[in-house]
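Peer 1:
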Amino acid sequence: MSIDWHGIRQLQTGWADGPAYVTQFPIQTGQSYVYNYTIVGQRGTLWWHAHISWLRSTVYGPLIILPKYGVPYPFAKPYKEVPIIFGEWWNADTEAVISQAMQTGGGPNVSDAYAINGLPGPLYNCSAKDTFKLKVKPGRTYLLRLINASLDEELFFSIANHTLTVVEADAVYVKPFHTSTILIALGQTPNVLLMAKSQSPNATFFMTARPYVTGLGTFDNSTVAGILEYEHPSKTLHSSPSIKKLQLFKPVLPVLNDTSFAANFANKLRSLANAQFPANVPQKVDRKFLFTIGLGTSPCHHNQTCQGPSGTMFAASVNNISFAMPTTALLQAHFSGQSHGIYSSDFRVNHLTQFNYTGTPPNNTMVGNGTKLMVLPFNTSVELTMQDTSILGAESHPLHLHGFNFFVVGQGFGNFGPSKDPANFNLVDPVERNTVGVPAGGWVADSYPSR
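Under my numbering, think of the first position of the sequence shown as 622, with each following residue one higher.
#1: Over the uninterrupted beta strand (DSSP E) stretch that includes His1021, give me the two end residues.
#2: Any idea what DSSP makes of Lys866, helix, strand or coil?
#3: Does the Cβ of Val996 have 16 or more other Cβ atoms within 10 Å, making it buried, or fewer, making it exposed?
#4: Do you know how far the Cα of Thr1006 is from the Cα of Pro1043?
#5: I need the boundaries of the beta strand (DSSP E) containing Thr913, first residue and last residue.
#6: Using a Cβ distance threshold of 8 Å, determine whether the stretch 979-995 contacts the stretch 964-971, with at least three qualifying pairs required.
#7: For the beta strand (DSSP E) that Ile705 lies in, which residues bound it at each end?
#8: Mind the definition here: the stretch 877-893 touches the stretch 974-983 only if three or more C-beta pairs lie below 8 Å; say whether that holds.
#9: Quick one: what's Glu1004 bridged to in DSSP?
#10: Mind checking which residues open and close the alpha helix (DSSP H) that includes Met723?
#11: For a quick check, are the C-beta atoms of Val845 and Leu767 less than 8 Å apart?
#12: With 16 as the cutoff for other CB atoms within 10 Å, does Asp791 come out buried or exposed?
#13: Please report the Cβ distance between Tyr834 and Asn878, rounded to the nearest whole angstrom; I am assuming they are in contact, meaning their Cβ atoms lie under 8 Å.
#14: From the DSSP output, in three-state form, read off Gln897 for me.
#15: Nearest to Ile805 by alpha carbon, out of Pro903, Lys756, Pro1070, Leu772?
#16: How about Leu667 and Val795: do their beta carbons lie closer than 8 Å?
#17: Chain B beta carbons: is any one of them nearer than 8 Å to that of Phe826?
#18: Could you check the C-alpha separation between Trp1064 and Phe976 for me, to the nearest Å?
#19: Is the CB-CB distance between Ala896 and Glu1053 below 8 Å?
#20: Residues bridged to Asn769 by DSSP?
#21: How would you call Leu973, buried or exposed, if buried means at least 16 neighbouring beta carbons within 10 angstroms?
#22: Within 8 Å, do at least three Cβ pairs link the stretch 689-702 to the stretch 647-660?
#23: Rounded to whole angstroms, what's the CA-CA distance from Pro1070 to Pro903? Just pull it up for me.
#24: Please list, in chain order, all residues of the same chain as Leu687 whose beta carbon is under 8 Å from its beta carbon, the five residues on each side excluded.
#25: On the criterion of 16 or more Cβ atoms from any shown chain inside 10 Å, does Pro1051 qualify as buried, or is it exposed?
#26: Alpha carbon to alpha carbon, how far is Gly1035 from Val906? Give it in angstroms, no decimals.
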């Protein structure tokens, strides 16, 4: 086991970040390990989860950092704060699911249900009693701390007949904006304000989530539902209407592959960028990189039958390199001066073959394989553009940066144009976060301040 403190800026405590075989050797059965780090300059909603194999499917929870005593929110104080965690559920051993996928080189079996705070809700068979219910008082404002802890899916979320006000993304305040639906990439942690209606309606309201899907692979296209219900303070217990007799309203979510909604929603996110909450966006950067990301193929292991194209294995890659997990933690190997044979520092800074990344894929879809790193001098500011590729189908790729935040200065569809697109970058109030979705068939540019 190892635990990642997702979104914590690990200032000189990278060894406490948690990814198994990267920053630490995993904690062995029957053993213990103490994580020790200091939270500096952060407040908001984050989360923690297991970071080895698929134990994250069940081992996770909210990590809520309150403002310092006496420091108010940059919005009216809510009546109540409610963590809402979206997860996936399998009627199977999830370690066996991912083990089979790794052996066959195909996509893992999809989940059997989604859950809100561990409860699948009434839209699945036999789980109507296992439904998350949010009870609210008329006229009150609630801060919903949303966390997408699913393994594979970005999720649309909406509450019927109610407007949500987005006020935070990944533990960083944003300029508030109203929306009926939000999109949460896996690992993201937005906060939204829910203003209850001024009078108790004789109705209940579904809050639902279902996936945003852009790839060609299989996925769980089911919908999870919770219920928003109002308290009726003026009525006695015996005179309150039965929930079964109340009209039930359901939200209308975007279609599964609504890339236009995804792009428009992302463009609405802006940092506060004021004196109290500045956006320290680098105006000049030391290094600029273009990384291609996507799926390719690799040879099938000896004496195995693989489920990828033409009997190969699917392989995720960055700049055509698929990461090989070491057996010694990378940071441990570096610290002990015994990194030879564990990793190499020759990570390719450009894709091996230049091609139309979002057009017709190349004939050769094979990727390289290795444990390769890029070494940067301390205090280097970086601008990284991540370009989706259509080698095996364009797909939205959520990407998380451990231990740091970054500013999302630009995004677009098609191939990134280094001579034209940077002119449209937002260097004033871009959203700051730790997890971003690379648009399907497009690109996203992130700016990393020096440190």
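Each residue gets a CB set at the ideal place from its N, CA and C atoms; glycine is no exception.
Peer 2: Per the coordinate set shown:
#1: Run containing His1021: 1018-1021, per the beta strand (DSSP E) assignment.
#2: In the three-state scheme derived from DSSP, where H, G and I count as helix and E and B as strand, Lys866 is classed as helix.
#3: Exposed is the call here.
#4: Spanning the two alpha carbons is a distance of roughly 10 Å.
#5: Looking at the DSSP string, the run of the beta strand (DSSP E) that includes Thr913 is 908-919.
#6: Yes: the two stretches touch, three or more of their Cβ pairs being nearer than 8 Å.
#7: Where Ile705 is concerned, the enclosing beta strand (DSSP E) stretches over 701-710.
#8: In short, these stretches do not touch, since the Cβ pair count stays below three.
#9: Beta-bridge pairing links Glu1004 to Lys909, Ser1068.
#10: It spans 715-725 - the alpha helix (DSSP H) in which Met723 sits, taken as one unbroken run.
#11: Not closer than 8 Å, so no.
#12: Buried is the call here.
#13: At residue 834 the sequence reads Val, which differs from the Tyr that was named. Right, their Cβ atoms sit about 6 Å apart.
#14: In the structure shown, Gln897 sits in coil (DSSP, three-state: anything other than H, G, I, E or B).
#15: Of Pro903, Lys756, Pro1070, Leu772, the residue nearest in Cα terms is Leu772.
#16: Contact flag unset, no.
#17: The displayed structure is made up of one protein chain only, and chain B is not part of it.
#18: Those two C-alpha atoms are separated by around 15 Å.
#19: No, the pair does not count as a contact, with Cβ atoms beyond the cut-off.
#20: According to DSSP, Asn769 bridges with Phe707.
#21: Burial call: exposed.
#22: Contact fails: fewer than three Cβ-Cβ distances are below 8 Å.
#23: The straight-line gap from Cα to Cα measures roughly 6 Å.
#24: Non-local C-beta neighbours of Leu687 in its own chain, meaning closer than 8 Å and more than five positions away in sequence, comprise Arg664, ordered along the chain.
#25: The residue in question, Pro1051, is buried, as its Cβ has 16 or more Cβ neighbours within 10 Å.
#26: Roughly 24 Å separates the two Cα atoms.
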